[in-house]
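Asks: Residue numbers (this note's numbering): 8 to 285.
(1) Between residue 265 and residue 256, what straight-line distance do the alpha-carbon atoms span, to the nearest angstrom?
(2) Between residue 54 and residue 224, what straight-line distance do the alpha-carbon atoms span, to the nearest angstrom?
(3) I'd like to know if the stretch 162-173 and the stretch 69-87 are in contact, where contact means that at least 3 CB-CB pairs between them fall below 8 Å.
(4) Does any residue of chain C have a CB that is nearer than 8 Å to the CB of residue 279?
(5) Would you mind sorting residue 242 into buried or exposed? The rule is 16 or more other CB atoms within 10 Å of its CB.
(6) Within the continuous alpha helix (DSSP H) that includes residue 136, where are the two ends?
(7) Going along the chain, which residues of its own chain have a beta-carbon closer than 7 Å to the beta-carbon of residue 146, five neighbours each way excluded?
(8) On a CA-only basis, which of 42, 21 and 20 is nearest residue 9? Give me that one, please.
(9) Using the three-state DSSP reduction, which class does residue 69 fall into: helix, strand or coil?
(10) I'd like to confirm the pairing. Which residues does DSSP put opposite residue 40 in its beta bridges?
(11) On a CA-only basis, which of 69, 249 and 120 is nearest residue 174? Give me that one, please.
(12) If you drop the 5 nearest sequence neighbours on each side, which residues of the same chain put their C-beta closer than 7 Å to that of residue 268?
(13) Nearest to residue 44 by CA position, among 58, 26, 38 and 37, is which residue?
(14) What is the DSSP secondary structure of residue 120, counted as helix, strand or coil?
(15) Spell out the partners DSSP gives residue 176 in its beta bridges.
(16) Roughly how many angstroms separate the alpha carbons of residue 246 and residue 18, rounded to a whole number?
(17) Measuring straight from C-alpha to C-alpha, what distance separates residue 229 and residue 73?
(18) Rounded to a whole number of angstroms, what is the C-alpha to C-alpha distance between residue 204 and residue 23?
(19) For residue 275, which option in 87, 260, 253 and 157 has the closest C-alpha, if you only look at C-alpha atoms?
(20) Report the three-state DSSP secondary structure of residue 108 (helix, strand or coil).
(21) Determine the closest residue to residue 56 out of 46, 68, 47 and 48, with distance taken between C-alpha atoms.
(22) Measure the alpha-carbon distance for residue 63 versus residue 76 and round it to whole angstroms.
(23) Residue 259 lies in the alpha helix (DSSP H); which residues open and close that run?
(24) What did DSSP end up calling residue 160 once you bin it into helix, strand or coil?
(25) For residue 160 versus residue 180, is the C-beta distance shorter than 8 Å?
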């Protein structure tokens, strides 16, 4: 995600600098993130949003922060799946199957192959650097392993999975097959962990003022084709249940990656709706 702040800093009228973040494939994707920096005037943000509507897109306004809305919240979807795999708690195809089973169009590994494993890693490294090495955003070793092997996803007929010349997905890459020493997680356990992390990240983005809760949910549904916005999903799961899952993970891995966003905990304690905050 290209920050508008450095561009505005070199402009003679920085208050007139804003950004538009489209999603691929552009003709098919409805969302545009309208990016305003600290110097961007509200009239400019409104004008950029109007332009997006005239282009037939749905605009959501986002602050100029690492990953904006979509790339930031999407990190949680990828990274928790990668952590589960690297912990030996599930095969990557079982993780993808579990997430498709609750309505995601592609599992995290399939999605990374479609985006390009190199592109996915570069985006993750940029966000990790943007948050000064916060453990929550640390890329996984398996990402580097796949990229270093030249397996860049569908475009090279091999990433986390092998692909035929017809593009049909085959088996996981042989170097990534096999289970761990621990009992594998069942699909509901995989789903609970991944969903808890995306709800937590969406709450963190809202708390940081990246966008409103409503805009975050709209963005993830339209840009990532998620079946439900993360904050609405968290509400349906029960925020107390989400917090309990994160606290249990943090007790085992206390490096900060599973720390509960204070806003999420506060709303869970109050029994209030974070999807439609009062």
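Positions of the beta carbon are idealized from the N, C-alpha and C atoms, including for glycine.
Replies: Let's see:
(1) To locate residue 265, count along the chain shown from 1; it is residue 258. To locate residue 256, count along the chain shown from 1; it is residue 249. About 6 Å.
(2) As a first step, residue 54 must be located in the chain shown, where it is residue number 47. As a first step, residue 224 must be located in the chain shown, where it is residue number 217. If you draw a straight line from the Cα of residue 54 to the Cα of residue 224, it is about 23 Å long.
(3) For the pair of segments examined, the stretch 162-173 was found not to touch the stretch 69-87: the number of CB pairs separated by less than 8 Å stays below three.
(4) Absence of chain C from the displayed structure is noted, only one protein chain being present.
(5) To locate residue 242, count along the chain shown from 1; it is residue 235. Buried, because 16 or more other Cβ atoms sit within 10 Å of the Cβ of residue 242.
(6) In the chain shown, counting from the first residue as 1, residue 136 sits at position 129. First-last of the alpha helix (DSSP H) with residue 136: 124-137.
(7) The residue given as residue 146 occupies position 139 in the chain shown. These residues qualify, in order along the chain: 128, 131, 132 and 135.
(8) Numbered from its first residue, the chain shown carries residue 9 at position 2. Minimum Cα distance to residue 9 is reached at 42.
(9) What you label residue 69 is simply residue 62 of the chain shown in a count that begins at 1. DSSP places residue 69 in strand when its eight states are reduced to three.
(10) Numbered from 1 along the chain shown, position 33 holds the residue referred to as residue 40. Looking at the DSSP output, residue 40 sits in a beta bridge with 28 and 67.
(11) By one-based count along the chain shown, residue 174 stands at place 167. Comparing Cα positions, the closest option is 120.
(12) Residue 268 sits at position 261 when you count from the first residue of the chain shown. Excluding positions up to five away in sequence, the list reads 207, 210, 211 and 214.
(13) Here residue 44 refers to the residue found at position 37 of the chain shown. The option with the nearest alpha carbon to residue 44 is 26.
(14) On the chain shown, position 113 is the one that residue 120 refers to. Note: residue 120 maps to helix in three-state DSSP.
(15) For this step, residue 176 is matched to residue 169 along the chain shown. Under DSSP, the beta-bridge partners assigned to residue 176 are 170.
(16) Residue mapping note: residue 246 aligns to position 239 of the chain shown, counting from 1. Residue mapping note: residue 18 aligns to position 11 of the chain shown, counting from 1. Each residue's CA atom was taken as its position, placing residue 246 and residue 18 some 44 Å apart.
(17) On the chain shown, position 222 is the one that residue 229 refers to. On the chain shown, position 66 is the one that residue 73 refers to. Computed Cα separation, rounded: 20 Å.
(18) Numbered from 1 along the chain shown, position 197 holds the residue referred to as residue 204. Numbered from 1 along the chain shown, position 16 holds the residue referred to as residue 23. Roughly 36 Å separates the two Cα atoms.
(19) Counted from its first residue, the chain shown places residue 275 at position 268. Shortest Cα-Cα distance from residue 275 to any of 87, 260, 253 and 157 involves 253.
(20) The count along the chain shown starts at 1 and reaches residue 108 at position 101. Residue 108: helix per DSSP, three-state reduction.
(21) Numbered from its first residue, the chain shown carries residue 56 at position 49. When only C-alpha atoms are compared, the closest one is 68.
(22) Here residue 63 corresponds to residue number 56 of the chain shown, with the count starting at 1. Here residue 76 corresponds to residue number 69 of the chain shown, with the count starting at 1. Each residue's alpha carbon lies about 20 Å from the other.
(23) Reading the chain shown from its first residue, position 252 is the one you call residue 259. Per DSSP, residue 259 is one residue of the alpha helix (DSSP H) stretching across 246-259.
(24) In the chain shown, the residue the question calls residue 160 occupies position 153. Here residue 160 sits in strand by DSSP.
(25) By 1-based counting over the chain shown, the position of residue 160 is 153. By 1-based counting over the chain shown, the position of residue 180 is 173. The criterion of a C-beta distance shorter than 8 Å is not satisfied by residue 160 and residue 180.
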